[in-house]
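A.B. asks: Structure below; questions to follow.
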Amino acid sequence: GQQLNQSPQSMFIQEGEDVSMNCTSSSIFNTWLWYKQDPGEGPVLLIALYKAGELTSNGRLTAQFGITRKDSFLNISASIPSDVGIYFCAGQFYNQGGKLIFGQGTELSVKP
Amino acid sequence: DSGVTQTPKHLITATGQRVTLRCSPRSGDLSVYWYQQSLDQGLQFLIQYYNGEERAKGNILERFSAQQFPDLHSELNLSSLELGDSALYFCASSRMGGGNQPQHFGDGTRLSIL
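Chains A and B supply the protein sequences, listed in that same order.
So the first sequence is numbered by the numbering used here: it starts at 1 and just counts up by one.
So the second sequence is numbered by the numbering used here: it starts at 1001 and just counts up by one.
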């Protein structure tokens, strides 16, 4: 199936460090979304982006919708242990009913 | 709590069997989506319903079918199960069915085929 290219696949960082991950696609999306998934749970929506160039924050999280509409990044500042989990980007087309195309995920580990 | 409810949480069955997964969307949401999550394929879109009507289809196998009922809950039916169908199945919902609607996910049903 179609997927986005998400990197890095995994990250091991020290508590307090900043984190950056990104997604690229060969397709132009109308919406980019970022989700976090903890073990045994479903993906939880973190940030939704609707316009090219849009920069949106949610607490220590900041995400941007790329100008070309083919990429997005997520930054986490001053990481804490509860940031541990798998982060997914997802792209959405305007005219395909709203289905999400997901990246492969970035697994984040935070060392206290 | 996303407000999306999925049952059962776990399902263990044998090859060749048929199962039904159930999803109740968030209050006020008209659209329901089904996704499959496996280690090799990641999160893949299966099918979408909006207000009782099928809206979009992904790479859903012919052995799989879904429907959305008048009360907006949805069921995903998986039949003639194979070992490769073992996966996490997620339901998500959104207010409307368009391409600018954030989706909220349930906690999934883990299906294990023995």
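A virtual CB, placed ideally from N, CA and C, is assigned to each residue, including glycine.
Pull up the distance between the alpha-carbon of A:L45 and that of A:K99, whole angstroms please.
C.D. replies: 15 Å
A.B. asks: When DSSP labels each residue in this structure, what does B:D1071 get in the three-state scheme?
C.D. replies: coil
A.B. asks: In the structure shown, what three-state DSSP assignment does B:L1083 receive?
C.D. replies: helix
A.B. asks: Counting C-beta neighbours from all protein chains within 10 Å, is the total for A:N58 16 or more, i.e. buried, or is it exposed?
C.D. replies: exposed
A.B. asks: Since B:P1102 meets chain A, which of its residues come closer than 7 Å, beta carbon to beta carbon?
C.D. replies: Annotation: Cβ neighbours of B:P1102 in chain A (cutoff 7 Å, chain order): L33, L45 and A48.
A.B. asks: If we count the other Cβ atoms within 10 Å of its Cβ and call it buried at 16 or more, is B:G1003 buried or exposed?
C.D. replies: exposed
A.B. asks: How long is the line joining the alpha carbons of A:I67 and A:F88, rounded to whole angstroms?
C.D. replies: 20 Å
A.B. asks: For the pair the region 1085 to 1092 of chain B and the region 1032 to 1041 of chain B, tell me if three or more CB-CB distances fall below 8 Å.
C.D. replies: Short answer: they touch.
A.B. asks: For A:K113, which residues in chain B fall below 8 Å Cβ to Cβ?
C.D. replies: Shown here, chain A extends from 1 to 112; a query on residue 113 of chain A therefore has no answer.
A.B. asks: How about B:Y1050 and B:G1099: do their beta carbons lie closer than 9 Å?
C.D. replies: Contact: no.
A.B. asks: According to DSSP, simplified to helix, strand and coil, what is B:S1065?
C.D. replies: strand
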